[in-house]
Each structure stands twice: as structure tokens, then as C-alpha cells.
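Enquirer:
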Amino acid sequence: MVASEELEKTLYRAYQQAKNRKHEFITPEHILLELTRDKVAAEVLIECDVDTELLANDVEEHLTKNISSVDSPHLPEPTYSEGSKYIFRVASMHAESAERKEITGANILVAMFRVPESHAVYFLNRQGLTRFAVVKQVSHGKGEKPEEQQERTPGSKEQPKEAKKTETKNPLELYCTDLIEKARNGNIDPLIGREKEVQRIIHILGKRKKNNPVLVGDAGVGKTAIVEGVAHRVVSGEVPEVMKDLQIHLLNIGTLTAGTKYRGDFEERLNAVIDETKKDPNNVLFIDEIHTVIGAGAVSGGSLDASNMLKPALAGGDIKCIGTTTLKEYRIIFEKDHALSRRFQRISVDEPSVEDCGKILFGLKRHYENYHNVKYSRGAIKACIELSDRYIMDRKLPDKAIDIMDEAGAAVKLRNPDPEVTRQVKVSDMEKLVAKVAKIPTKSVKVEDRNLLHGLGDNLKKFIYAQDEAIDKLVNAIQMSRAGISEPEKPVGSFMFSGPTGVGKTELAKKLAELLGVEFIRFDMSEYMEKHTVSRLIGSPPGYVGYDQGGQLTEAIYKSPHCVLLLDEIEKAHEDIYNILLQIMDHATLTDSNGRKVDFRQVIVILTTNTGSRESMNRNVGFAKKEFEDKSGEAIDRYFSPEFRNRLNEIIRFNALDIEIVERIVDKMIGELQQRLVPKKVTISLTPEARLFLARRGYDPQLGARPVQRVINSEIAEKLSKEILFGELSGGGKAIFSVEGENIVLQAESD
């Protein structure tokens, strides 16, 4: 917002005042002194019975006595103080809200009262002047340039040209969009399917009273597209004879309320729209997001809003109205106004199936091909639907599939913008885009992920030793899910890993997530031992602190719907948490404290437990392996309820480790250490005796593989670190470990 020419002169004089008086800052008092000589501001002051001469004398005296001069040959140019800058910002907002083109001295005068601690306001108050008095004068036309006053004079003969246009223009043209005209011009895509919904709309519009359909459904299922499809059919003549002249007007609530500064402006506009709609029985008002009319245009404390103004016309059948809203808004906002909701006939719009979505996308394909100058292969369209349905969980078909198809076309077009070349959109383009939208690695988004699944078991066995049976059971369940044989409304799999500590239960879950290319989410269930901690998973109940923040589990899955969920040491959690897990394992959904349903259909749920491991460790001579498994199973049966165990795909028992397996684990951990030493140019070599020494020292049947890491840290890593920092290996080299007596020794060879 720019200052008026008169105000610029005033501010320059204020600058000269500060400079001549050798003041460091241009304060509100400097500006006020010059406002008494500003034509616009002085007029307002005089109208408010202010003695401008006395005011100027008071301010001058203050500037002379109370603001000290800076006597320095290197005094910089005076700058505006923080108070002055704040006044300019407020004045700019004041002028903008009043729809002024520039800031005047009157706006500065009003803004000064927003700095009540300043001496400027003190001098104005001493003259008996208040902010209200100044605002009153400015709002009645004082403090404006002469040409602005002329425009605002109520009885002036010269009305602005824009006002004349507004008076004569049809309200439906001003505040509505003609959908029939849009369809006639080819700006609306055709509607594919939805015959039942279209027929229901036509039947309701044909009623004598309460002829107002409202479409209710989740965001993205195609509610607006159905109404646009009705308009398209009217243009193409695919409607009954009595409705061939139907006119559908999309009411824009934003345009209707924009610029309504005074009480009565909004009501006048809406009444004009209603009256114009009544003139022709073929007129139909379409209000998208109809819940927004409740409260629209209402003033603070007033009860008259758009919905109350529409009710009489809707009840008598004077106007026809089509509305759309989501199920949540319909229940929370729209349905609570019984007088309004009973005047509408509800039509539920469900998400289309994958097959129906395919028909929709193939029907719309040519429109997007023409727009992007591309060609979509049949496989690309199928991949678009299947992948968006599988991986984009927080949106609905067909909206998410159409968005992917549209963006894929745009991406391919931008790779080669030559208008003479028609590019092909392939399956790989859809896979990359869905991976980007779903925030998962591209390798895991494949229509055909057979290679990944085929080698999953072998790849897991490279990292997890001596648990082949457990890995096979896990992989079989995942392959069944991917093949579509398992139940679709359940998680990919729900498994309980049972066995002693340190045998690879948690490590298997981590490696599974890594190989599948999905997120790994772990919850330590020892943090949920108390009854009240259940609310941390799904969110606090209404009225409690953190109610609106969601739960830790529900938020994690909502952000990463494709993941491996590990609930570590489940036996340590409070038993109430098991009840929450029941609905996850049974229906793959969990409702948080805000009523939002979180989808678990693409989640692999893994629970780990040490229950029964003590029984399996107490091996007596002569007992077979099956007997130990039975004892371990009995312990799990005692601890977990039948309904909980019954919902698990598999209880997978992990074997205890023997000395040979521990030797392989030593090799693995030394290999990992070697990888970390690559930047240091250091290589590690173990003699067979050293390898066996580490395995025996780290072997503990009750603790599994965890002691091995501690032994490697103390016997290998500590010795290496000293040689790398202070010894022979500081510049790289070879570290050879061997056994002497009861100790491991390091022989370092520098490069």
C-alpha cells in the first residue's frame, strides 16, 4: 500500500524535523507535529474540535525539552522508530480494509491510537480526542481525497460504472456458475456409471415438495462429478422430456459473502439469488459442500444465516436445490439442523469398486490423452487403479486413481514437451508415481512383485540363522496375502514370535521390512504396562489433555500405512491392550479418539514374547523337541486368551542357538565391523582359533546372540580403536587377531 502524495510531503517534513533537531529517530511525535499541517489529517482534527495550533505547540515543546540531540559529526541519517513503523503497518491495514487505494494522513492519525504509551497519544487525549471520534470522522468521508468523496456521496448523480453493471446484472450470473453452459462448451467430463444415483436425483427433482437431493459420501468418491454428469446429460438430451430445459447453477458461497461489509449486504444478495431462481421452475441451485451454508453470512450473535434464509423457499418447493457433503460433515453439522436436513432427500454415494473404477478411467482416458498429448497403455491404466487402491490408503477411488493418471501424463509430457511427439505412459511411470505419493521405495511398488517374493525366504535366511522353519512360515503367509488367497479385510499377516531372548525375533522383523522396502515401526510394550497407557496408543478420550493429537499407534500407521509393525515383548503390556489388537487382527481397522478409522490392511503385525522360553530352556536328557514345544505352547496358552490366539495367523517358535550358529553370528558381526572400517582403510583377519574363542566366550544358551556383540566390542573393537587412533593403523593397514593363552592379541601391519 503506497502513501498519498500529501502524506509523502508530511513524512518528508517529519524527517527534516528530526534531522534539523539532530535526533536519531523519527518518532510518532515528529509525525504528529507535521500531521497538524497535513491537509487531510488537519481537516479531521478540526472536525473533532481540536486546536491544531495548540497541539503543535505542545508537541514542539516536547521535542525540544524531552528528546536530546546527538551532537556528533558522524551522526547517521534519522530512521523511523519501531513505534513509527508499527503505526505505518496498522495504517496500511486500515486503508486496505476500507478499500482505499493509498494511505492518507487520516489513516496515520487513526493508527497512532494503537500505540497508547506514546507521547503523541497523550497530547491527542489532552485535547479530548479519542480513536472512536477520529474513526467516525474518517468513515463519514472526512480525510479522503476530493475525488473519493465525490464517488461516495449518496446523492451524487455520477455513479461508478461498475456499480451500474452490478445493479443490472442477473444475480445468478453474478454469484453462480452455469453448469449447463459449461457442459455445452465441453468443459465438463462425461459421467461414467452411477446410473442409480443419477436416476434418484432426477426422481427427487421431479417431486412437488422437498424436491432437494443431497449427495452424501466420502471425499473423492465423485459427488460433484455426479451433478456435473446430470448437467452433461441435460445437454446431450439423455433426460426425461420434462427436464430437458433444466438449468443448474453452482452457487459460490465465497463470491456471495465477499465484500459484504455492512449488515444486510449478504441477505440482499442471497434474496436476489433466491428470487431469481423462483422465476423459472427449471432453475436448480447446486450448493457444493452444502454444510458451509450453516453460519454463512451470520453476524456475531445473530441467528440469520444462509441456511435459515433458504428454509422457507425449500420447504414450499419454490426452488429446487442439490447439495453435496461428506458423511462426517453431514452427521456433525448438517444433520444437527433438523429443520434444514428434513427438507433434503439423502442419496448415499459409495466408493466404486476396482472394476467400476476401471470403466471410469477408460472412459476419461481420451480427455487426458488430448490434454497431455500422451497415450496411456491399457496396462498403465490397470496399474494405476490397482496400485492406487493397494498403496494410497487415505483417499478414495476414483479420485486417487484419476489424480495418478493425470499426474503421470503431466510427468511424461514434461520429459519431452515437443508438441509433435506423442509419448507413451507405461506401467513403470505409474509405479514410480505411486511410490512417490505413498512415500515408499519404488522397488516395493510393483504390479508383479514375484521376484521379490520368490527369493524372500532365501534372503532372510542369509541374515537370520537357525530359524529356517520360522522364516518359512512367515514367508508363506505373506505370499498367500500377495496372491490374493488370504482374507482381504485383514492385515497382511498377524504373527507371534515366541522364543528365548537374543535368537533373532526382532532382527527378523527388521530384515523383513528392509527386504520388502516398507517402513519398520516398533513399539516397546514395556512402556504400556499401566491401564491408562492404552489411551497413548489410540489417543486420549474427549475432555482430556491431548484429545486432539491422536494416538501414537494410530498416527504412526496413518502416516505409514505400508509397514512392518513390531509390538516387542507383548506380554509386558496391560491386558486391555490385547482388546485393541483384536479388532486390528480381525478387521484391519482401528478407530482413534477422534473417530478416524485407520487402515491396517497393508500392515504386517508381529508380536514378540519370551513367554514359554524358560520351559523350553529347561531341557532334561531324553526329552524330544516336540515335548519342549508343547511345554512352551502350554505357557502361551495360559498367558494369552483363546480369542486372542485364535486371531493370529501363526505362533512361530524360535529355536535356541547352539555353538555352531554362534560361530556364524561371529562372522556376520565381524563383517559388519569390517564395513564400518572401510573409510579407515583397515582390514580385519581372524585366525580359526580366534573365531572359535569369540564364539565360546559369547555363547550363552539363555541369552542368545546378544553376548557375542559385547565380546566383540571388548576383545576386538577396543583394541582396534587404540591402534587406529595412536598406533600402527592410523594410516590404514591390516589387523590380525589370534589367541595366546586365554587372551586374544592383535598384530597390526601398517600400509
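With the sequence shown counted from 1, adding 1 to any position gets you the numbering used here.
The beta-carbon is built from N, C-alpha and C at its ideal position, and this holds for glycine as well.
These figures come from a predicted structure and were not determined experimentally.
From this set, E9, I571, A574 and D593, which residue's C-alpha is nearest A557's C-alpha?
Expert: Closest by alpha carbon: D593.
Enquirer: Would you call the segment 197 to 210 and the segment 310 to 327 touching, i.e. three or more CB-CB distances under 8 Å?
Expert: yes
Enquirer: Rounded to whole angstroms, what's the CA-CA distance from I382 to A402? Just pull it up for me.
Expert: Taking the straight line from one Cα to the other gives about 9 Å.
Enquirer: What is the C-beta distance between G84 and V116, in whole angstroms, given that I count them as a contact (C-beta under 8 Å)?
Expert: Contact between G84 and V116 holds, since their C-beta atoms are separated by about 5 Å, short of 8 Å.
Enquirer: Got a sec: is the Cβ-Cβ distance from I571 to anything in chain C below 9 Å?
Expert: No chain C appears in this structure, which consists of one protein chain only.
Enquirer: Buried or exposed for V243, please, with buried defined as at least 16 other CB atoms from any protein chain shown within 10 angstroms of its CB.
Expert: V243 counts as exposed, since fewer than 16 other beta carbons sit within 10 angstroms of its beta carbon.
Enquirer: Can you tell me whether DSSP reads H31 as helix, strand or coil?
Expert: helix
Enquirer: Measuring CA to CA, which of I202, G260 and D219 is closest to A232?
Expert: I202
Enquirer: Below 9 Å between beta carbons: does that hold for E520 and V565?
Expert: yes
Enquirer: With DSSP collapsed to three states, give me the class of I382.
Expert: I382 sits in a helix when the DSSP states are folded into three classes.
Enquirer: Would you mind working out which of S429, K560 and A471 sits nearest S499, comparing C-alpha positions?
Expert: The option with the nearest alpha carbon to S499 is A471.
Enquirer: Output the boundary residues of the beta strand (DSSP E) element that contains P214.
Expert: From DSSP, the beta strand (DSSP E) with P214 extends over P214 to V217.
Enquirer: Put Q703 into one of helix, strand or coil per three-state DSSP.
Expert: coil
Enquirer: Since T80 sits in a beta bridge, which residues does DSSP pair it with?
Expert: F26
Enquirer: Tell me the residue span of the alpha helix (DSSP H) that contains H292.
Expert: Where H292 is concerned, there is no enclosing alpha helix (DSSP H), given that its DSSP letter is neither H nor E.
Enquirer: How should H455 be labelled, buried or exposed, when 16 other C-beta atoms within 10 angstroms of its C-beta is the threshold for buried?
Expert: Looking at its Cβ environment, which holds fewer than 16 other Cβ atoms inside 10 Å, H455 is exposed.
Enquirer: Is T80 near D39, with beta carbons less than 9 Å apart?
Expert: No.
Enquirer: In angstroms with no decimal places, state the Cα-to-Cα distance between A164 and Q603.
Expert: Below a pLDDT of 50, predicted positions are generally treated as unreliable, and A164, at 42, falls in that range; the measurement from the model is reported next regardless. For A164 and Q603, the distance between alpha carbons rounds to 59 Å.
Enquirer: Pick from N21, K360 and Q748: whose alpha carbon is nearest that of D72?
Expert: N21
Enquirer: By DSSP, does R597 sit in helix, in strand, or in coil?
Expert: coil
Enquirer: How about I227 and V199: do their beta carbons lie closer than 9 Å?
Expert: yes
Enquirer: Hey, how far is the Cα of N283 from the Cα of F601?
Expert: 48 Å
Enquirer: Sort out for me which residues DSSP pairs L747 with in a bridge.
Expert: According to DSSP, residue pairing for L747 in a beta bridge involves F738.
Enquirer: Output the distance between the C-alpha atoms of I653 and Y579, rounded to the nearest integer angstrom.
Expert: 18 Å
Enquirer: Is the beta carbon of G734 less than 9 Å from the beta carbon of D752?
Expert: yes
Enquirer: Kindly indicate the opening and closing residues of the beta strand (DSSP E) around C323.
Expert: Reading off the sequence shown, one finds Ile at residue 323, where the question assumed Cys. Where I323 is concerned, the enclosing beta strand (DSSP E) stretches over K321 to T326.
Enquirer: Contact between the segment 373 to 380 and the segment 409 to 416 is defined here as three or more beta-carbon pairs at a separation below 8 Å; is this criterion met?
Expert: yes
Enquirer: Buried or exposed for I662, going by 16 or more other Cβ atoms inside 10 Å?
Expert: Residue burial is scored here from C-beta neighbours: I662 has at least 16 other C-beta atoms within 10 angstroms and is therefore classed as buried.
Enquirer: If we count the other Cβ atoms within 10 Å of its Cβ and call it buried at 16 or more, is V60 buried or exposed?
Expert: buried
Enquirer: DSSP three-state call for Y377: helix, strand or coil?
Expert: When secondary structure is reduced to three states using DSSP, Y377 falls in the strand class.
Enquirer: Taking the C-alpha atoms as reference points, what is the distance between I465 and G505?
Expert: C-alpha separation (whole angstroms): 6 Å.
Enquirer: Would you give the residue range spanned by the beta strand (DSSP E) that D179 belongs to?
Expert: C177 to D179
Enquirer: Evaluate the contact criterion for the segment 699 to 712 versus the segment 678 to 691: three or more CB pairs, one atom per stretch, below 8 Å.
Expert: no
Enquirer: With which residues is T684 paired in a DSSP beta bridge?
Expert: Residue pairing by DSSP places T684 opposite K735 in a beta bridge.
Enquirer: Given that a residue counts as buried once 16 or more other Cβ atoms are within 10 Å of its Cβ, and exposed if not, what is E145?
Expert: Confidence is the limiting factor: at E145 the pLDDT is only 46, short of 50, which leaves the residue's position unreliable and the question unanswerable from this model.
Enquirer: With a cut-off of 8 Å on the beta carbons, I'd call G194 and I361 a contact; round off their distance for me.
Expert: 6 Å
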